[in-house]
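S.K.: Everything in the sequence shown is counted per UniProt numbering, starting at 1 for the first residue and increasing by one.
No residue lacks a Cβ here, since even glycine has one placed at the ideal position from N, Cα and C.
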Amino acid sequence: MIQMNAAELCRAVNGNLISGIFGDFKGVSIDSRKIESGQLFFAIIGERLDGHQFVESALKKGGAGAVVDREMDISLKEGQFIIKVEDTTKALQKLAHYYRKKFDLKVVGITGSVGKTTTKDMIAAVLSEKYNTLKTEGNLNNYYGLPLTLFQLKSEHEALVVEMGMSRLKEIELLAKLAEPEFGVVTNVGYSHLEYLKTLDNVAKGKQELIKNLIGKRVAILNADDPRVYKMSELTDKVIFFGMGEEADYRAVKVKEKGLNGMEIVLKAENQKIPIQIPLPGKHNVYNALAAIATGRALGVSFSQIQEGLLKFRPSKMRMNILKLSQGLTVLDDSYNANPDSMRASLKVLADCSGRKIAILGDMLELGEFAGEAHREIGRFAAELGIDLLLIKGDYSKIVAEGALKAGFNADQVFIFENNKEMANQLLDMVQPGDTVLVKGSRGMAMEEIVKALTREAE
Numbered sequence: 001m002i003q004m005n006a007a008e009l010c011r012a013v014n015g016n017l018i019s020g021i022f023g024d025f026k027g028v029s030i031d032s033r034k035i036e037s038g039q040l041f042f043a044i045i046g047e048r049l050d051g052h053q054f055v056e057s058a059l060k061k062g063g064a065g066a067v068v069d070r071e072m073d074i075s076l077k078e079g080q081f082i083i084k085v086e087d088t089t090k091a092l093q094k095l096a097h098y099y100r101k102k103f104d105l106k107v108v109g110i111t112g113s114v115g116k117t118t119t120k121d122m123i124a125a126v127l128s129e130k131y132n133t134l135k136t137e138g139n140l141n142n143y144y145g146l147p148l149t150l151f152q153l154k155s156e157h158e159a160l161v162v163e164m165g166m167s168r169l170k171e172i173e174l175l176a177k178l179a180e181p182e183f184g185v186v187t188n189v190g191y192s193h194l195e196y197l198k199t200l201d202n203v204a205k206g207k208q209e210l211i212k213n214l215i216g217k218r219v220a221i222l223n224a225d226d227p228r229v230y231k232m233s234e235l236t237d238k239v240i241f242f243g244m245g246e247e248a249d250y251r252a253v254k255v256k257e258k259g260l261n262g263m264e265i266v267l268k269a270e271n272q273k274i275p276i277q278i279p280l281p282g283k284h285n286v287y288n289a290l291a292a293i294a295t296g297r298a299l300g301v302s303f304s305q306i307q308e309g310l311l312k313f314r315p316s317k318m319r320m321n322i323l324k325l326s327q328g329l330t331v332l333d334d335s336y337n338a339n340p341d342s343m344r345a346s347l348k349v350l351a352d353c354s355g356r357k358i359a360i361l362g363d364m365l366e367l368g369e370f371a372g373e374a375h376r377e378i379g380r381f382a383a384e385l386g387i388d389l390l391l392i393k394g395d396y397s398k399i400v401a402e403g404a405l406k407a408g409f410n411a412d413q414v415f416i417f418e419n420n421k422e423m424a425n426q427l428l429d430m431v432q433p434g435d436t437v438l439v440k441g442s443r444g445m446a447m448e449e450i451v452k453a454l455t456r457e458a459e
């Protein structure tokens, strides 16, 4: 972050200095445990904790100042300050938008029900071949995370790639207004967050907020094979389609799968047919790569640079990380999150692997009234794919098992567990050299604990 002064901060967020002097700060933190010397601390009121409890700690650790919503009796060191605002979350967002407007750069926003993070990472890898590019790190894609990404901008950055997540309507609208993207990518509309959004049409309504709030050229880069995404083309005059059907401007006309080594596609675009290597397995990743290719071309990246960028791409943690362990075991760590679409895609990758195929699955959360049937369908799907062993945990595990058994799974192929520790212990007794294990579930299921148990055993 470029250094700023507290006086400029007050103007940006309509705040008042209530203690200290108008000192300087460089960087922003909302976590007192991780604050670095010279950073500004925002006392955010969360669901479980109130950041105002940690203002004193943040300042003692070297924080330059704090933004609060109440009077605070705290002794300050020389140069420190406290700014009072009406709402610290809104002030964080106001400052992020103010700071973003200091930069003239190309901004790409990405949303969708499945594949946001992988697509974001692929796009950033492609754009990095031509531009100094900043991207959303990990999954910082909400109204706290996106501002923290914006604060990472520096004068040398030429492009910004931001992921935008949602669970309710109007959330992406807010994120788009903060980041002001000129290019908007929508990967798909699927069964995620239905507990709050209720219908797929509402999911689409939320995702299209990105396209509605584009600035400048207002270029929409859309999945032509998803009818709800395709319809978003009506919201702007400049549209680029990607997909496998005839409507796509950037189209995969041939896909050759190479197991866990990835895929090779033949891309039909711009009156050419071009072979492209994709370093991730799974046909669903063809769409993610096509989105990256289309975005790269929209921003003037050459096809050769695009191929170089894709070859350098590495997935984020817990997103189809392929781990080859010393005991001859392969782990597909896709444990970060899950919904019905991503679960099916990951099970397909597992099914195409050699050796015994073991699926370690946790619940898919936030599906509302669709939860029961969605989990039953995953059980059926696992059976149809010929998965060898199914280890499941969560409130819906019995429904998953029911679906698998009705579709032909034997009872001795399905195991239900109460917690991750029991599941990990049983798994360690079961696995053999040559097995491939998929680990996947929603964020709240903490399925990465299973991966950690397997990797510890391999050390």
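Along the beta strand (DSSP E) that carries S19, what are the first and last residues, could you check?
M.R.: N16 to G20
S.K.: Considering only the alpha carbon of each residue, which of G394, E129 and L95 lies closest to residue 461?
M.R.: Because the chain here runs from 1 to 459, residue 461 falls outside it and cannot be looked at.
S.K.: N5 by DSSP, collapsed to three states: which one?
M.R.: strand
S.K.: Am I right that V108 and F183 are in contact with their C-beta atoms under 8 Å? What's the rounded C-beta distance?
M.R.: 4 Å
S.K.: Taking only three categories from DSSP, how would you classify Q277?
M.R.: strand
S.K.: Am I right that F242 and A291 are in contact with their C-beta atoms under 8 Å? What's the rounded C-beta distance?
M.R.: 5 Å
S.K.: Is K254 helix, strand or coil by DSSP?
M.R.: K254 falls in the strand class under three-state DSSP.
S.K.: For A338, count neighbouring Cβ atoms within 10 angstroms of its own Cβ and tell me buried if that reaches 16, exposed if not.
M.R.: buried
S.K.: Please name the residue in E137, I306, A411 and A383 whose C-alpha comes closest to that of K348.
M.R.: A383
S.K.: Could you pull the start and end residues of the alpha helix (DSSP H) that K205 belongs to?
M.R.: L200 to K207
S.K.: Suppose the cutoff is 6 Å on Cβ atoms and the five residues either side in sequence are ignored; what does the same chain contact list for I74 look like?
M.R.: E56
S.K.: What do you get for Q307, buried or exposed, if any count of 16 or more other CB atoms within 10 angstroms of its CB means buried?
M.R.: Buried, because 16 or more other Cβ atoms sit within 10 Å of the Cβ of Q307.
S.K.: Among the candidates N419, K130, V286 and E422, whose CA atom is the shortest distance from the CA of G300?
M.R.: The residue with the shortest Cα to Cα distance from G300 is K130.
S.K.: Since I believe L310 is in contact with I276 (beta carbons under 8 Å), could you give me their beta-carbon distance rounded to a whole number of angstroms?
M.R.: 7 Å
S.K.: May I ask you to verify whether the region 75 to 92 touches the region 44 to 60, counting CB pairs closer than 8 Å and requiring at least 3?
M.R.: The region 75 to 92, when compared against the region 44 to 60, does touch it at the 8 Å Cβ threshold.
S.K.: With distances taken between CB atoms, is the gap from G386 to A345 smaller than 8 Å?
M.R.: no
S.K.: Can you name the start and end residues of the alpha helix (DSSP H) that N285 belongs to?
M.R.: H284 to A298
S.K.: Counting pairs of Cβ atoms below 8 Å between the region 388 to 402 and the region 412 to 421, do you hit three or more?
M.R.: yes
S.K.: With respect to the alpha helix (DSSP H) encompassing E264, which residues constitute its N-terminal and C-terminal limits?
M.R.: First-last for E264: M263 to A269, but that is the beta strand (DSSP E), not the alpha helix (DSSP H).
S.K.: Tell me which residues share the same chain as L428 and place their Cβ nearer than 6 Å to its Cβ, disregarding the 5 neighbours each side in the sequence.
M.R.: E457
S.K.: Relative to the C-alpha of A401, which residue among A424, N420, Q426 and H375 is closest?
M.R.: Ranking A424, N420, Q426 and H375 by Cα distance to A401 puts H375 first.
S.K.: For P147, count neighbouring C-beta atoms within 10 Å of its own C-beta (all shown protein chains included) and say buried if the count is 16 or more, exposed if not.
M.R.: P147 comes out buried.
S.K.: Could you give the residue range of the alpha helix (DSSP H) that holds F303?
M.R.: Per DSSP, F303 belongs to the alpha helix (DSSP H) from F303 to K312.
S.K.: Does the separation of the CB atoms of T187 and T236 fall below 8 Å?
M.R.: Contact check for T187 against T236 fails: the beta carbons are separated by 8 Å or more.
S.K.: In terms of residue numbering, what span does the alpha helix (DSSP H) encompassing D341 cover?
M.R.: P340 to A351
S.K.: Expressed to the nearest angstrom, what Euclidean distance is found between the alpha-carbon atoms of K341 and S192?
M.R.: The question names Lys, but residue 341 is Asp in the sequence shown. Distance between D341 and S192, taken at the CA atoms: about 9 Å.
S.K.: Put E402 into one of helix, strand or coil per three-state DSSP.
M.R.: helix
S.K.: Looking at S37 and F54, is the spacing between their C-beta atoms short of 8 Å?
M.R.: no
S.K.: Buried or exposed: where does K324 fall if 16 or more other Cβ atoms within 10 Å of its Cβ makes it buried?
M.R.: exposed
S.K.: Leaving out five residues before and five after Y396 in sequence, what residues of the same chain have Cβ atoms less than 8 Å from its Cβ?
M.R.: Sequence-distant Cβ neighbours of Y396 in its own chain, meaning closer than 8 Å and more than five residues away, are D363, M364, A371, G372 and H375.
S.K.: Per DSSP, what kind of secondary structure is V55 in: helix, strand or coil?
M.R.: helix
S.K.: Which residues mark the beginning and the end of the beta strand (DSSP E) in which F381 is found?
M.R.: Where F381 is concerned, there is no enclosing beta strand (DSSP E), although the alpha helix (DSSP H) it sits in stretches over A371 to L385.
S.K.: Looking only at its chain, what residues have a beta carbon closer than 7 Å to the beta carbon of K217, apart from the 5 residues adjacent to it on each side?
M.R.: E182 and K238
S.K.: Apply the 10 Å Cβ neighbour rule to D333 and answer buried if 16 or more other Cβ atoms are within range, or exposed otherwise.
M.R.: buried
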